[in-house]
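This report refers to the structure that appears directly beneath it.
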Amino acid sequence: MPTPKAIKPLTTEEEEYWKILENELIDGKGSAYLSQNDFAQLCQKNALNCSTATARRKLLRLQEVGRISMERQGKGNNPYKITWLEYSHYKKVDETKQIAPLTGIVPLDSPLYLKREADEICIQNLKLGASREGSRPFIRIRAPKQMGKSSLLRRIQYFLEKQQNHIVGFVDLGGDEYFYTDVFNDLDTLLYQFTSALIKTFSDALQRRGLNDLKNLPDLKEHWNANLTPQLNCANYLHDHIFLPIKQPKTLLIDGIDEVLGKPTQDPFLKFLRSWNEKRMKVVSQAPIIWPSIVIAYSTEPYSILGIRGSVLQNVGTVVELKEFSQEQIVDLSTKYNLSTPLTKPEVEFLMKLTGGHPALINQALYQISQGMTFAQLENKATQTDGPFWDYLSRASELLENNKNLFHCFQKILKGDNCNDDLAKYQLTKAGLLKIDEDAVKVIELYQKYFNNGHI
Numbered sequence: 145m146p147t148p149k150a151i152k153p154l155t156t157e158e159e160e161y162w163k164i165l166e167n168e169l170i171d172g173k174g175s176a177y178l179s180q181n182d183f184a185q186l187c188q189k190n191a192l193n194c195s196t197a198t199a200r201r202k203l204l205r206l207q208e209v210g211r212i213s214m215e216r217q218g219k220g221n222n223p224y225k226i227t228w229l230e231y232s233h234y235k236k237v238d239e240t241k242q243i244a245p246l247t248g249i250v251p252l253d254s255p256l257y258l259k260r261e262a263d264e265i266c267i268q269n270l271k272l273g274a275s276r277e278g279s280r281p282f283i284r285i286r287a288p289k290q291m292g293k294s295s296l297l298r299r300i301q302y303f304l305e306k307q308q309n310h311i312v313g314f315v316d317l318g319g320d321e322y323f324y325t326d327v328f329n330d331l332d333t334l335l336y337q338f339t340s341a342l343i344k345t346f347s348d349a350l351q352r353r354g355l356n357d358l359k360n361l362p363d364l365k366e367h368w369n370a371n372l373t374p375q376l377n378c379a380n381y382l383h384d385h386i387f388l389p390i391k392q393p394k395t396l397l398i399d400g401i402d403e404v405l406g407k408p409t410q411d412p413f414l415k416f417l418r419s420w421n422e423k424r425m426k427v428v429s430q431a432p433i434i435w436p437s438i439v440i441a442y443s444t445e446p447y448s449i450l451g452i453r454g455s456v457l458q459n460v461g462t463v464v465e466l467k468e469f470s471q472e473q474i475v476d477l478s479t480k481y482n483l484s485t486p487l488t489k490p491e492v493e494f495l496m497k498l499t500g501g502h503p504a505l506i507n508q509a510l511y512q513i514s515q516g517m518t519f520a521q522l523e524n525k526a527t528q529t530d531g532p533f534w535d536y537l538s539r540a541s542e543l544l545e546n547n548k549n550l551f552h553c554f555q556k557i558l559k560g561d562n563c564n565d566d567l568a569k570y571q572l573t574k575a576g577l578l579k580i581d582e583d584a585v586k587v588i589e590l591y592q593k594y595f596n597n598g599h600i
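Here is the structure:
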């Protein structure tokens with residue numbers, strides 16, 4: 145956000161508090177009614193450790209530097225009327241600002257991220273788990289593609305580092321340079337690269353905190369013993385040289401676990417992670433647990449391609465499913481897109497029926513509307529090759545074309561018939577093509593229109 149020259153600069157820490165208040169003031173079109181306690185709670189929800197006294201100091205500081213004015217509304221802990229003194233400048237810039245379509249991970253400072261139940265489940269499990277002496281939490285975040293798994297992981301990292309003072313390592317099997325395509329074909333290579341990635345990410349995490357706990361690390365090549373299994377080589381190095389020296393609470397986040405599915409390394413790698421949960425993250429002796437809490441994320445779409453019949457890592461840790469947006473969340477998100485007029489109830493219901501509340505589809509629809517597309521145009525272009533949803537439709541079409549069982553099951557459901565193939569329905573659900581609500585099997589209108597129009 146551009147900063148007018150008339151006001152004084154803030155420190156990096158103060159900017160974090162200002163960003164939270166700024167978003168609240170934007171929602172209120174330049175003003176908001178907040179008590180000191182209200183602001184403290186807002187900061188806590190955004191992963192800042194903030195008492196009421198701290199909130200008061202930050203508000204007074206923002207008033208001192210000319211960002212806001214505060215007018216007390218009554219006595220005691222009654223709210224202040226907080227006014228953004230440069231809101232007219234912000235509004236002028238904001239109205240001419242080009243909104244970019246949302247792709248990939250939602251940036252930490254983006255107002256387009258919506259917290260869901262999954263956020264709270266993960267945070268509560270990690271907060272409670274860090275205080276338990278007997279075990280460490282192992283959380284599995286799973287959902288079809290583009291549901292927000294990676295964005296949630298990044299917010300977990302931010303929360304743990306900023307509010308819980310954790311040392312957080314983050315690796316992405318689908319994006320880090322350590323995990324090239326062929327690495328998943330050989331377990332020894334995969335675990336060597338996995339160990340290298342963990343050395344790098346935890347070293348970086350310590351440096352961000354100004355710490356140097358990992359001194360004079362032994363060379364991994366020299367440590368890797370050909371007479372030991374890759375699992376032992378990896379676990380021994382991590383135990384002795386990474387996790388043991390770090391005395392602070394620590395957490396490991398692993399994205400892209402689905403990259404290993406269907407590869408020769410799938411079973412031994414997943415069993416290796418299972419063994420961590422069963423043997424290293426629980427008390428088996430009087431020795432303290434030195435292994436970190438672990439959160440992994442993976443797409444369930446490969447289930448259908450690979451014929452996976454049940455959950456990978458069955459019965460390991462806590463499973464967190466990412467859900468679609470509700471109608472209330474769609475309304476909330478729409479306010480972030482600077483629409484010329486607020487969404488009406490029929491418009492929200494239309495979006496919900498068309499997309500089922502899928503986060504990526506909803507964001508794409510709202511972006512198009514923010515750029516001037518009417519709801520009638522959105523409906524007409526929804527299934528066209530140059531429409532906003534073509535990437536999703538073509539991926540779904542390819543999936544069905546390559547799997548006859550899924551094709552026939554989906555075809556029956558579209559016609560209103562029963563499909564008795566429970567495995568096919570399970571895999572279609574994990575791919576995001578079906579939603580089973582109690583006993584009802586549902587297909588969103590976008591897929592109905594596309595596949596009932598000769599595309600299946």
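Residue numbering for the sequence shown follows this note's numbering, starting at 145 and increasing by one per position. Beta carbons are placed, not taken as given, at the ideal position from N, Cα and C, and that holds for glycine. This structure is a prediction, so every number in the text was calculated from the model and none was measured.
Is residue 349 near residue 311, with beta carbons less than 9 Å apart? Stepping through the sequence shown from its first residue, residue 349 is reached at position 205. Stepping through the sequence shown from its first residue, residue 311 is reached at position 167. Going by C-beta atoms, residue 349 is nearer than 9 Å to residue 311.
If you drop the 5 nearest sequence neighbours on each side, which residues of the same chain put their C-beta closer than 7 Å to that of residue 117? Residue numbering for the chain in the displayed model covers 145 to 600; residue 117 lies beyond these limits and cannot be assessed.
To which residues of the same chain is residue 316 closer than 7 Å at the C-beta, ignoring the five residues directly before and after it? For this step, residue 316 is matched to residue 172 along the sequence shown. Take residue 316, set aside five residues on each side of it, and the residues of its chain with a beta-carbon closer than 7 Å to its own are 399, 400, in chain order.
Give the straight-line distance between the Cα atoms of residue 306 and residue 193, rounded to the nearest whole angstrom. Counting from 1 along the sequence shown, the entry for residue 306 is found at position 162. Counting from 1 along the sequence shown, the entry for residue 193 is found at position 49. Distance between the alpha carbons of residue 306 and residue 193: 8 Å.
In the region 367 to 438, which residue ranges form an unbroken beta strand (DSSP E) of at least 3 residues, counting only runs that do not cross its ends? 394 to 399, all fully within the region 367 to 438.
Contacts around residue 171, its chain only, beta-carbon distance under 8 Å, and the 5 residues preceding and following it disregarded: Numbered from 1 along the sequence shown, position 27 holds the residue referred to as residue 171. Excluding residues within five positions, the ones whose Cβ falls inside 8 Å are 479.
Relative to the C-alpha of residue 174, which candidate in 212, 566, 594 has its C-alpha closest? Translated into the one-based positions of the sequence shown, residue 174 becomes position 30. Of the listed residues, the one whose Cα sits closest to residue 174 is 212.
Sorted by chain position, which residues of the same chain lie with C-beta nearer than 8 Å to residue 473's C-beta, five sequence neighbours on each side aside? Taking the first residue of the sequence shown as position 1, residue 473 is located at position 329. Hits under 8 Å: 258, 260, 501.
Measuring CA to CA, which of 188, 509, 491, 441 is closest to residue 314? As a working mapping, residue 314 is identified with position 170 in the sequence shown. For the set 188, 509, 491, 441, the Cα lying nearest the Cα of residue 314 is the one of 441.
Which residues in the same chain as residue 266 place their Cβ atom closer than 8 Å to its Cβ, once the five residues preceding and following it in sequence are excluded? Here the question's residue 266 lines up with position 122 in the sequence shown. Once the five neighbours on either side are set aside, the close Cβ partners of residue 266 are 283, 285, 296, 300, 439, 464.
Hey, how far is the Cα of residue 157 from the Cα of residue 592? Locating residue 157 in the sequence shown gives position 13, counting from the first residue. Locating residue 592 in the sequence shown gives position 448, counting from the first residue. Roughly 49 Å separates the two Cα atoms.
Which of helix, strand or coil does DSSP assign to residue 591? If you number the sequence shown from 1, residue 591 lands on position 447. Residue state, collapsed to three classes: helix.
Should residue 581 go down as buried or exposed, given a rule of 16 or more other Cβ atoms within 10 Å for buried? Counting from one through the sequence shown, the residue named residue 581 turns up at place 437. Classification of residue 581: exposed, given that the 10 Å Cβ count is below 16.
Extent of the continuous alpha helix (DSSP H) to which residue 196 belongs: Start at 1 with the first residue of the sequence shown, and residue 196 comes out as number 52. Note, residue 196: alpha helix (DSSP H), 196 to 208.
Whole-angstrom distance between residue 203 and residue 183, CA atom to CA atom: Residue numbering aside, residue 183 sits at position 39 when the sequence shown is read from its first letter. Residue numbering aside, residue 203 sits at position 59 when the sequence shown is read from its first letter. Rounded to whole angstroms, residue 183 to residue 203 spans 9 Å at the Cα level.
Residue 594 versus residue 587: straight-line alpha-carbon distance, rounded: Start at 1 with the first residue of the sequence shown, and residue 594 comes out as number 450. Start at 1 with the first residue of the sequence shown, and residue 587 comes out as number 443. Cα-Cα distance, rounded: 11 Å.
According to the Cβ coordinates, are residue 246 and residue 508 closer than 9 Å? As a working note, residue 246 is residue 102 in the sequence shown. As a working note, residue 508 is residue 364 in the sequence shown. Contact flag set, yes.
Figure out for me which residue from 159, 363, 567, 409 has the closest Cα to the Cα of residue 117. Given that the chain is displayed from residue 145 to residue 600, the structure contains no residue 117 and the question cannot be resolved.
Pull up the distance between the alpha-carbon of residue 323 and that of residue 330, whole angstroms please. As a working note, residue 323 is residue 179 in the sequence shown. As a working note, residue 330 is residue 186 in the sequence shown. Going by the C-alpha atoms only, they are around 12 Å apart.
Given 8 Å as the limit, is there contact between the region 560 to 570 and the region 530 to 545, that is, 3 or more CB pairs closer than that? no
Looking only at its chain, what residues have a beta carbon closer than 8 Å to the beta carbon of residue 556, apart from the 5 residues adjacent to it on each side? Translated into the one-based positions of the sequence shown, residue 556 becomes position 412. 562, 563, listed in sequence order.
Under the three-state reduction of DSSP, which class applies to residue 465: helix, strand or coil? Taking the first residue of the sequence shown as 1, we reach residue 465 at position 321. DSSP places residue 465 in strand when its eight states are reduced to three.
What residues in its chain sit with their C-beta under 6 Å from that of residue 381, if we drop five residues either side in the sequence? For the purposes of this step, residue 381 is taken as residue 237 along the sequence shown, with counting starting at 1. Hits under 6 Å: 339, 367.
For the beta strand (DSSP E) containing residue 363, name the first residue and the last one. Locating residue 363 in the sequence shown gives position 219, counting from the first residue. No beta strand (DSSP E) contains residue 363, which DSSP labels as neither H nor E.
Bridge partners - residue 133, DSSP secondary structure assignment: Only positions 145 to 600 of the chain appear in this structure, which leaves residue 133 out of reach.
Could you tell me the alpha carbon to alpha carbon distance between residue 237 and residue 197, rounded to whole angstroms? Translated into positions along the sequence shown, residue 237 becomes position 93. Translated into positions along the sequence shown, residue 197 becomes position 53. In this prediction, residue 237 scores a pLDDT of 48, lower than 50, which makes its location untrustworthy; the coordinate-derived value is nonetheless stated afterwards. Whole-angstrom Cα-Cα distance: 34 Å.
Tell me whether residue 580 sits in a helix, a strand or coil according to DSSP, three-state version. In the sequence shown, counting from the first residue as 1, residue 580 sits at position 436. In the structure shown, residue 580 sits in a strand (DSSP, three-state: E or B).
Going by the beta-carbon positions, is the gap between residue 468 and residue 291 smaller than 9 Å? Taking the first residue of the sequence shown as 1, we reach residue 468 at position 324. Taking the first residue of the sequence shown as 1, we reach residue 291 at position 147. Closer than 9 Å, so yes.
Residue interval of the alpha helix (DSSP H) (run including residue 311): Locating residue 311 in the sequence shown gives position 167, counting from the first residue. No alpha helix (DSSP H) holds residue 311; the beta strand (DSSP E) holding it covers 311 to 316.
With 16 as the cutoff for other CB atoms within 10 Å, does residue 403 come out buried or exposed? Counting from 1 along the sequence shown, the entry for residue 403 is found at position 259. Result: buried.
For residue 531, does the count of other Cβ atoms within 10 angstroms reach 16, so buried, or fall short, so exposed? The residue given as residue 531 occupies position 387 in the sequence shown. It counts as buried.
Which whole-angstrom value is the C-beta distance of residue 569 and residue 558, which I expect to be below 8 Å? In the sequence shown, counting from the first residue as 1, residue 569 sits at position 425. In the sequence shown, counting from the first residue as 1, residue 558 sits at position 414. At roughly 13 Å, the Cβ-Cβ gap does not stay under 8 Å, so residue 569 and residue 558 are not in contact.
Secondary structure, alpha helix (DSSP H): runs of 4+ residues fully inside the region 496 to 549: 503 to 514, 519 to 525, 534 to 545
The alpha helix (DSSP H) that contains residue 478, what's its start and end? Position 334 of the sequence shown, counted from the first residue, corresponds to residue 478. Start and end: 471 to 478.
Could you check where the alpha helix (DSSP H) with residue 299 kicks off and where it finishes? Looking up residue 299 in the sequence shown gives position 155. From DSSP, the alpha helix (DSSP H) with residue 299 extends over 293 to 306.
Of the residues 411, 406, 388, the one placed nearest residue 361, counting alpha carbons only: If you number the sequence shown from 1, residue 361 lands on position 217. Nearest of 411, 406, 388 to residue 361, Cα basis: 388.
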